[in-house]
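Every letter in the sequence shown is one number past the one before it in UniProt numbering, and letter 69, counting from 1, is 69.
Report on the structure given below.
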Amino acid sequence: MDFSPAVSSPRLLLRRFISTIYCIFESAFSKLTYWTTGACKGTNSFVSSAGDKLDQNKNQNPTIPTSVNYHFTRKCNYKCGFCFHTAKTSFVLPLEEAKRGLKLLKESGMEKINFSGGEPFLHGKGEFVGKLVQYCKQDLQLPSVSIVSNGSMIKEEWFQKYGVYLDILAISCDSFDEATNQLIGRTQGRKSHLDNLFKICSWCKEYKVALKINSVINIFNYDEDMTQQINWINPVRWKVFQCLLIDGENAGETALREAERFVISDQQFQEFLDRHSSVSCLVPESNEKMRNSYLILDEYMRFLDCREGRKDPSKSILDVGVKEAICFSGFDEKMFLKRGGKYVWSKADMKLEW
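Structural data, given as structure tokens:
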């Protein structure tokens with residue numbers, strides 16, 4: 001039997017050439033479709049054909065920025081060793097530009113805004129964040145307005161002026177041992193972090209602001225038992241985060257922090273959760289849950305994509321609008337819902353006994 005290749009006819013060769021060119025074009029067009037339409041859904045895989053991808057996206061709704069975290073400043077008066085949003089710039093948008101961006105987000109479906117940093121009360125001694133809080137609640141009429149702070153810069157006068165507009169104040173507290181707070185870097189000079197926390201607890205009750213506690217679980221506190229203190233404070237939520245590494249922020253050559261020495265294993269994190277299983281307000285967030293389930297805006301109002309273990313910025317919503325910028329946020333809406341990102345977040349609906 002003769003196994004030598006047969007000589008193809010010119011017509012057959014032409015058909016093969018056309019088929020090859022078509023396959024190359026279809027593959028390239030499919031990838032282009034992914035980057036221009038599929039990126040909005042945060043997917044990492046290519047589709048088999050451009051036609052299927054286009055049909056798929058016709059049935060998909062664009063990402064709605066229901067809950068947004070706006071890190072309007074990177075400056076902070078604390079030096080927490082695991083900080084994953086460090087003072088790489090000192091930039092803060094002018095107040096009116098920040099308001100313009102917040103209005104764009106509201107028009108795109110935002111229901112909850114969380115102001116963070118850095119330390120939000122550092123800029124303008126709290127007046128800047130106070131005016132943003134008032135604008136979001138009074139003018140934009142958002143259901144929920146919240147702040148995350150280390151608590152060191154907050155004065156009672158701030159509550160008197162802006163407390164009525166704030167739904168939730170989250171105070172970061174990683175330990176109820178001052179020596180541990182010193183090791184972590186959650187302190188400034190000789191000021192007591194815990195004394196500030198307890199003062200703020202009483203102010204929140206007096207001025208009817210829901211209190212939340214945020215704790216980063218790391219090598220210095222994972223064996224601590226905080227049950228008694230958390231139950232006494234009785235926050236509406238206790239967010240418990242596993243220490244997370246972000247390249248360029250707290251890990252890597254260009255980082256301002258070295259968080260590797262704070263990292264704990266999944267097992268150590270689970271041990272901490274098991275020890276506090278009786279605390280009803282506990283909301284655990286492992287590295288897996290945390291990494292892609294937040295819509296984060298930086299100081300330039302750019303969405304930050306953390307899927308690759310670093311913060312890759314989109315273009316600013318002030319330049320290209322929310323719909324285009326959010327396509328590059330890397331946001332995982334399913335994980336957002338799975339980690340309990342949607343909850344009763346308006347103090348009017350919490351029915352709290354002040």
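Here a beta-carbon is modelled for each residue, glycine too, at the ideal position from N, C-alpha and C.
- In this structure, Cys76 is the residue among Val68, Cys76 and His71 with its C-alpha nearest to the C-alpha of Leu256.
- Per the coordinates, the alpha-carbon of Ser316 lies some 4 Å from the alpha-carbon of Arg302.
- Rounded to whole angstroms, Trp158 and Ala170 show a C-alpha spacing of 15 Å.
- A direct Cα-Cα distance of roughly 8 Å separates Asp298 from Thr73.
- Counting C-beta pairs closer than 8 Å gives three or more between the region 75-90 and the region 111-123, which meets the contact rule.
- Contact check for Cys201 and Ile233: beta-carbon distance about 6 Å, within the 8 Å limit, so the pair qualifies.
- Exclusion of the five residues before and after Asn114 leaves Asn69 and Ser146 as the residues of its chain whose Cβ lies within less than 6 Å of its Cβ.
- The three-state secondary structure of Asn69, taken from DSSP, is strand.
- Taking all protein chains in view, the Cβ of Tyr343 is surrounded by fewer than 16 other Cβ atoms within 10 Å, so the residue is classified as exposed.
- The Cβ neighbour count for Trp345, taken over all protein chains shown within 10 Å, is at least 16; the residue is labelled buried.
- Judged by their CB atoms, Ile219 and Gln242 are not nearer to each other than the 9 Å cut-off.
- Restricting attention to alpha helix (DSSP H) runs no shorter than 4 residues, the region 161-225 encloses them at 178-184 and 193-206, ordered along the chain.
- Your pair Val209 and Ser172 does not check out as a contact, with CB atoms roughly 16 Å apart and the cut at 8 Å.
- The region 264-283 makes contact with the region 238-253, as at least three CB pairs between them are under 8 Å.
- A direct Cα-Cα distance of roughly 11 Å separates Lys79 from Glu258.
- Residue Asp225 holds the alpha-carbon nearest to the alpha-carbon of Ser277 among Tyr300, Glu260, Asp225 and Tyr294.
- Relative to Asp167, the option among Met153, Thr66 and Pro143 whose CA is nearest is Pro143.
- In terms of Cβ geometry, Phe84 and Leu183 do not form a close pair [threshold 9 Å].
- Residue environment analysis places Asp319 among the exposed positions, since fewer than 16 neighbouring C-beta atoms fall within 10 angstroms of its C-beta.
- The DSSP-derived three-state label of Asn150 is coil.
- With a contact defined as Cβ atoms closer than 8 Å, Lys103 and Leu140 qualify at about 7 Å.
- For the region 236-304, the continuous beta strand (DSSP E) assignments of 3+ residues that do not extend past its boundaries occur at 237-242 and 282-285, in sequence order.
- The three-state reading of DSSP puts Arg74 in coil, since its state is none of H, G, I, E or B.
- By the Cβ-count criterion, Thr86 is buried, with 16 or more other Cβ atoms from all chains shown falling within 10 Å of its own Cβ.
- Between Cys306 and Arg291, the C-beta spacing is below 9 Å.
- Per the coordinates, the alpha-carbon of Lys205 lies some 11 Å from the alpha-carbon of Gly163.
- In this structure, DSSP gives Phe121 a state outside helix and strand, which the three-state scheme calls coil.
- In terms of Cβ geometry, Gly81 and Gly185 form a close pair [threshold 9 Å].
- In the DSSP assignment, Asn231 falls within the unbroken alpha helix (DSSP H) covering Thr227 to Ile233.
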